[in-house]
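Only one structure is covered here, and it is reproduced in the block below.
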Amino acid sequence: MTAAVETAALTKRFGARPALDAVDLQVEEGTVFGVIGPNGAGKTTLMRLMLDILRPTSGSVRVLGEDPRAGGPALRRRIGFLPGELRLEGRITGRELLRHFAEISGPAERGAADAIADRLGLDLGRQVRTLSKGNKQKLGLVQAFLHRPRLLVLDEPTSGLDPLVQQEFLAMLREARQGGQTVFLSSHVLSEIQQAADRVAILRAGRVVVVSDVESLRQTAVRRIRLDVAAGAEPELRAALDALPNVTGLSFGAEDHRVRAAATVEGAIDPFVKAIARFPVQDLTVEEPDLEESVLRLYGERMGDVEHPAHPPRSRHGAHRGARERSTR
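Take the position in the sequence shown, starting the count at 1, then add 174; the result is the number in this note's numbering.
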């Protein structure tokens with residue numbers, strides 16, 4: 175397959191501080207490629223280098239077979255871009271703003287704007303300045319998808335969107351991939367990337383920690399579980415869960431004539447589901463920890479190798495999580 179995006183030892187420094195450090199990536203055409211990492215990891219810097227908004231300190235990047243610096247407007251018309259910090263203002267309507275964008279990025283199919291806006295629940299007749307953050311994000315998505323670009327570059331695309339719209343957006347990504355478009359998106363939400371992407375790069379402190387297929391991430395997922403069972407079931411439930419090697423941090427408490435159990439499940443969840451199936455479960459909550467803890471659990475040893483020297487070392491289980499990197503945006 176042909177690469178839609180290639181980087182080789184791509185490095186960007188702001189003064190003495192490295193925002194990106196020798197990043198090597200290859201994104202195949204017709205795939206959805208996710209980049210995930212905490213704020214300050216370098217995700218936005220990477221995208222800006224791809225679009226020639228920033229210039230690299232060293233190394234190289236090629237987008238759709240071209241150097242972004244030499245590709246000029248002709249290359250950018252083949253790309254749809256949604257920035258992470260979207261600023262849309264003005265007394266014009268969303269439809270008028272999209273008409274302006276279409277003049278820059280190239281013509282769109284008749285009715286395309288209305289079709290995408292309807293899917294996202296956006297009224298294009300309203301003035302841009304009156305739109306909420308979520309509706310401005312929808313408008314940004316419409317302009318990115320509008321001209322059916324060969325490459326979509328989306329920085330935190332679901333920011334401000336409600337869950338139903340997020341699901342519709344994920345459906346749009348799948349359709350884009352089926353139509354041969356390439357999608358390069360960033361997120362700090364691990365589950366979102368797992369649903370959308372074919373391959374994932376985890377970025378931290380400007381360096382690639384690991385590139386993985388999504389199925390491998392699913393197999394090593396970390397989830398926090400809480401479940402309530404009838405009073406008196408604790409001894410048997412404790413024995414059943416203690417027997418599972420991927421269940422840790424098990425604790426119990428009594429509440430309103432029922433027993434509440436809490437635990438962390440690492441990896442496949444199927445054995446846990448089968449273990450609790452014979453109990454009268456009254457309530458069940460499954461949630462993912464924040465990205466920092468998830469990634470540290472998944473790749474703690476490797477992440478220790480790329481820790482920025484300005485930060486004290488972190489434990490594999492997320493100790494010292496309060497010291498966050500400053501954003502490279």
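Note that beta-carbon positions come from the ideal geometry of N, C-alpha and C, so glycine has one too.
Output the residue ranges of the beta strand (DSSP E) runs that lie fully inside the stretch 223-258 and measure 3 residues or longer, sorted by chain position.
Within the stretch 223-258, the complete beta strand (DSSP E) runs of at least 3 residues are 232-237, 253-256.
With distance defined between alpha-carbon atoms, name the residue in 397, 452, 445 nearest to residue 459.
397
What's the gap between the Cα of residue 203 and the Cα of residue 347?
14 angstroms
Report the CB separation of residue 212 from residue 329 in whole angstroms; it is logged as a contact under 8 angstroms.
That pair is no contact at about 15 angstroms.
Provide the residue(s) that pair with residue 358 in DSSP beta bridges, ordered along the chain.
207, 327
For residue 200, which residues of its own chain have a beta-carbon under 6 angstroms away from its beta-carbon, when the five flanking residues on both sides are left out?
Answer for residue 200: 177, 180, listed in chain order.
Using the beta-carbon count (16 or more within 10 Å), is residue 439 buried or exposed?
Around the beta carbon of residue 439, 16 or more other beta carbons lie within 10 angstroms, which makes this residue buried.
Would residue 298 pass as a contact of residue 309 if the rule is Cβ separation under 7 angstroms?
no
Is DSSP giving residue 366 helix, strand or coil here?
Residue state, collapsed to three classes: helix.
Where does residue 426 fall in DSSP's three states?
strand
Could you round the C-beta distance between residue 183 and residue 196 to whole angstroms and report it? I think they count as a contact, below 8 angstroms.
The beta carbons of residue 183 and residue 196 sit about 5 angstroms from each other, so the pair counts as a contact at 8 angstroms.
Could you give the first and the last residue of the continuous beta strand (DSSP E) run that contains residue 401?
396-404
Could you check which residue in 227, 407, 215, 364 has the C-alpha nearest to that of residue 394?
364
Please list the terminal residues of the continuous alpha helix (DSSP H) segment that includes residue 193.
Unbroken run through residue 193 is the beta strand (DSSP E), 191-202; no alpha helix (DSSP H).
Inspect the beta-carbon positions of residue 375 and residue 388 and report whether they are closer than 7 angstroms.
no
What does the alpha-carbon distance come out to for the pair residue 451 and residue 403?
Cα to Cα, the separation comes out at about 11 angstroms.
Could you pull out every unbroken beta strand (DSSP E) segment of at least 3 residues lying fully inside the stretch 284-341, listed in chain order?
You should have 325-329.
Please name the residue, chosen from 410, 405, 445, 408, that lies closest to residue 421 on a Cα-to-Cα basis.
445
Would you report the Cα separation of residue 206 and residue 248, rounded to the nearest angstrom?
23 angstroms
Can residue 423 and residue 437 be called in contact, C-beta distance under 7 angstroms?
Residue 437 is positioned such that its CB atom lies closer than 7 angstroms to that of residue 423.
Please state whether the Cβ-Cβ distance between residue 331 and residue 359 is less than 7 angstroms.
For the 7 angstroms CB-CB criterion, residue 331 and residue 359 form a contact.
Which residues in the same chain as residue 453 place their Cβ atom closer than 7 angstroms to its Cβ, once the five residues preceding and following it in sequence are excluded?
If we look at residue 453 and ignore the five residues flanking it on each side, its Cβ neighbours are 403, 407, 411.
Thinking C-alpha only, which one of 228, 307, 269, 277 is nearest residue 251?
277
Terminal residues of the continuous beta strand (DSSP E) containing residue 187?
Counting along the chain, the beta strand (DSSP E) containing residue 187 begins and ends at 177-188.
Could you check if residue 456 is buried or exposed, using at least 16 other CB atoms within 10 Å of its CB as the buried criterion?
exposed
State the DSSP-derived secondary structure class of residue 490, mapped to helix, strand or coil.
Note on residue 490: pLDDT 31, under 50, position unreliable in the model; no value is reported.
State the Cα-Cα distance for the pair residue 186 and residue 361, rounded to the nearest angstrom.
Their Cα atoms are separated by approximately 20 angstroms.
Classify residue 189 as buried or exposed, calling it buried when 16 or more other Cβ atoms lie within 10 Å of its own Cβ.
Taking a 10 Å sphere around the C-beta of residue 189, we find fewer than 16 other C-beta atoms and assign the residue as exposed.
Since I believe residue 209 is in contact with residue 223 (beta carbons under 8 angstroms), could you give me their beta-carbon distance rounded to a whole number of angstroms?
Incorrect: roughly 12 angstroms between the Cβ atoms, too far for contact.
Does the beta-carbon of residue 491 have 16 or more other beta-carbons within 10 angstroms, so that it is buried, or is it exposed?
Residue placement at residue 491 is flagged as unreliable, the pLDDT there being 33, under the threshold of 50; a coordinate-derived value is accordingly withheld.
Closer than 7 angstroms by C-beta to residue 300: which residues in its own chain qualify, once you throw out the five before and the five after it? Chain order, please.
267, 268
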